[in-house]
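Read through the structure below, which is laid out as structure tokens, and then see the notes.
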Amino acid sequence: MKLAQGAPGAKILAFGHYQPANVVTNDDLAKTMDTSDEWIQSRVGIAERRLASPDETEVDLAVHAGGKAVAASGLSSADIDLVLVATCTMESQIPNAAGRVASRLGIHAPGAFDVNAACAGFCYALSAAADAVRSGSAQNVLVVGTEKFSHWLDWNDRSTAVIFADGAGAVVVGPSDVPRIGPVVWGSDGDKSDAIIVKDRNSFLHQEGQTVFRWATTALHPVAKDACDRAGIDPAELAAFVPHQANLRIIESIARKIGADNAVIARDIVLAGNTSAASIPMALSRMIERGEVPSGGLALLLGFGAGLTFAAQVVELP
């Protein structure tokens, strides 16, 4: 990236991801609710999703993904001094997920906190991690996006139950001689905060689908372009565009508008569903695993969701 050369920076060292074993297809859902494979695929582009077992928690998912990322980075647990977990589906807010994830991975006495910016949470947490490394507050940071939506869904409500899913994705962020994680462009639109909501601990997730769709397809492509501008690159230079996996039509609309003509577009939603804060790192981890994007290539990340919150940054791939 054409950022300040010679300035201290941060970079992504490695990725990891985890999906629960339970695969639920659209035909499976059609057995219990008024829907069909054609209806779901034509509206959101999802063919199947993964759901955690009743005894699997967000922390369990995060430990699997985070452990893979640390192992792939070549570091040990002793090298990690900050753990950030992005999630919006914790059943209990106290204690936080980050401290529990750190303990189970053998990471001793790190800084540890959770970030709730819903589907933009991973991008928020990644920016916080990069800033911590650049400032010297941390040396190596584990960032995990993890969600278990299955226990927040009304399984008779096809407007939400067919969309959301469970999973986790993670990265390790470390120091770099030059910046390899670009400046974040982030913000929120609190006037639309009721568009995606869980009213209280006894309620299910509710989403105003059309409101979110119109907002995402009209307001977010300038954010994506701004992130490229701040990183000093043209969208045509991107090797990958990895937006939050909310809806295949939203993904394709934004991709067209930003002009990322040479980029591989993440379409992980087809087989993973919408996993909120987990969707971006999980999608990119799977793309890297399949060899779809090159080491050293530039990827534009764009998170957006409840709040309404959004964040975008360009990163160099490990």
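My numbering applies: residue -8 is where the sequence shown begins, and numbers increase by one. Backbone N, C-alpha and C fix where the C-beta goes; we use that ideal spot for every residue, glycine too.
query, result
"Applying the 10 Å Cβ sphere with the 16-neighbour rule, what's the burial state of residue 310?", "Absent from the model: residue 310. The displayed extent of the chain is -8 to 309, so no value can be given."
"Using only alpha-carbon positions, find the residue among 234, 186 and 304 that is nearest to residue 278.", "234"
"Tell me which residues share the same chain as residue 287 and place their Cβ nearer than 7 Å to its Cβ, disregarding the 5 neighbours each side in the sequence.", "307 and 308"
"Is the beta carbon of residue 114 closer than 8 Å to that of residue 304?", "yes"
"So that I know if they touch, is there some Cβ in chain D lying closer than 8 Å to that of residue 202?", "Included in the structure is just one protein chain, with no chain D present."
"Are at least three pairs of beta-carbons, each pair with one atom in the stretch 31 to 46 and one in the stretch 75 to 82, less than 8 Å apart?", "no"
"Determine the closest residue to residue 64 out of 164, 72 and 159, with distance taken between C-alpha atoms.", "164"
"For residue 304, which three-state DSSP category applies?", "strand"
"Roughly how many whole angstroms lie between the Cα atoms of residue 5 and residue 20?", "35 Å"
"Could you tell me which of 170, 121 and 272 sits nearest to residue 260, measuring between CA atoms?", "272"
"Are the stretch 248 to 267 and the stretch 125 to 143 touching, with three or more C-beta to C-beta distances below 8 Å?", "yes"
"Have a look at residue 24 and residue 36 and give me their C-alpha separation to the nearest angstrom.", "18 Å"
"Look at the Cβ atom of residue 11, then the Cβ atom of residue 157, and state whether they are nearer than 8 Å.", "yes"
"Taking the continuous alpha helix (DSSP H) assigned at residue 17, which residues delimit it?", "17 to 21"
"For the ligand GDP, is there any heavy atom lying closer than 7 Å to the beta carbon of residue 235?", "With respect to the ligand GDP, the structure shown offers nothing to examine, as it has no ligands at all."
"To the nearest angstrom, report how far apart residue 50 and residue 26 are at their CA atoms.", "31 Å"
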